[in-house]
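Inspection log for the structure reproduced underneath, given as structure tokens.
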Amino acid sequence: AWDGRTPAARAAPPGCYTARILLRDTLGRTNFTTRLVRVDALTADPSVLADTTRGPKYPHARGHWAVWQDQGDGFWQVYAQELGANPAPVRQLTAGTLSQENPRTDGRRVVWQGRQINASWDLFLQDLASADPPQQLTFTPNHDETSPALDWPWLVFQSRATADTAAPWLVHARYLPTGETRVVSPSTADQLAPDVHAGQGVWQDFRNVGYGDIFYRNTLASGVVPQ
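27 is the number of the first residue of the sequence shown in our numbering; add one for each residue after it.
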């Protein structure tokens, strides 16, 4: 086994090397063989998905997809690109004059928050493997739904009533195949920045005095464990 280091204990730069392997037994007899070894770079040169003239922000990637928002057409829109050795063209997923922001992907689908005519926020989903238009997930003119995160079949997001400025943001979980939605852990304090993976939900929670705790919940179970 070779750890990729030179005799001076430095990492060998990328390239092809001839390695000479010497074998010696207990009687002092020797034999050797040679092997061709290729050392690859740890990372390839970076590629620009959206340059500074477009004002891109909030990138997120999982699997073979990257998503972000930018103002390339003058308004905040959601874009996606399939990554790989030969990246596909950038896809613009939204259009119009109302802001579409904060996209997140699970590697096949992407969710984001979209501004509505009444100024509230609702959530949208696009299957990146489908040519169908985006699906609107929430229709709640009296509530804002923001900060979505997705790992199929679960969606988590934060929501609060728009009429009450003192109302807390509460984290909700939705089981997408059925549309069943519930508050993850009822509270009278803000719950922010939710994320989910394999049915496990996490978020920042301010129910206790201080700068906020990180809470965890298996969205399929009932227990809540502060971490």
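Beta carbons are placed, not taken as given, at the ideal position from N, Cα and C, and that holds for glycine.
Keep in mind it's a predicted model, so treat the numbers as computed, not measured.
Take ASP153, set aside five residues on each side of it, and the residues of its chain with a beta-carbon closer than 6 Å to its own are ARG135, in chain order. Check the Cα spacing between THR166 and each of LEU119, SER211, ASP148 and GLU108: the tightest is with ASP148. Its chain contains GLU108, LEU109, GLY110 and GLY133 as the residues whose beta carbon lies nearer than 8 Å to that of HIS90, once the 5 sequence neighbours on both sides are disregarded; these appear in chain order. Taking C-beta atoms under 8 Å as the contact rule, ALA76 and ARG130 fail to qualify, at a distance of about 17 Å.
Looking at the DSSP output, TYR43 bridges to VAL63. Secondary structure at THR32: coil, using DSSP grouped into helix, strand and coil. A direct Cα-Cα distance of roughly 6 Å separates GLN184 from HIS198. With a contact defined as Cβ atoms closer than 8 Å, PHE232 and ALA215 qualify at about 4 Å. Across the set ALA187, PRO40 and PRO115, the C-alpha of PRO40 shows the shortest separation from the C-alpha of VAL63. For ARG80, the CB contacts under 6 Å within the same chain, skipping 5 residues up- and downstream, are ASP96 and GLY98 in chain order. Proximity to TRP229 across VAL182, ARG117, VAL137 and ASP71 peaks at VAL182, based on C-alpha coordinates. Excluding sequence positions up to five before and after THR188, its CB lies within less than 7 Å of the CB of SER146, ASN168, HIS169 and ASP170, all in the same chain and listed in chain order. Residue burial annotation: GLY54 is exposed, with fewer than 16 other C-beta atoms found within 10 angstroms of its C-beta. For the region 151-197, the continuous beta strand (DSSP E) assignments of 3+ residues that do not extend past its boundaries occur at 169-177 and 180-187, in sequence order.
Within a 10 Å sphere around the beta-carbon of GLN139 sit 16 or more other beta-carbons, which makes this residue buried.
Across the set GLY122, THR59 and ALA67, the C-alpha of ALA67 shows the shortest separation from the C-alpha of CYS42.
In this structure, the CA atom of GLN162 is about 57 Å from the CA atom of ALA35.
The shortest C-alpha to C-alpha distance from ALA92 to any of TYR242, SER73, ALA224 and GLY122 is the one to SER73. Non-local beta-carbon contacts of THR123 in its own chain, meaning distances under 7 Å to residues more than five positions away in sequence, involve PHE101 in chain order. Setting aside the 5 residues that flank it on each side, ILE47 is surrounded in the same chain by PHE58, THR59, THR60 and ARG61, each with a C-beta closer than 8 Å to its C-beta; the list follows chain order. Annotation for LEU218: the continuous beta strand (DSSP E) segment containing it runs 217-223.
In terms of Cα proximity to THR44, the closest of THR164, THR32 and GLU206 is THR32. Counting the other CB atoms within 10 Å of its CB gives TYR105 a total of 16 or more, which places it among the buried residues.
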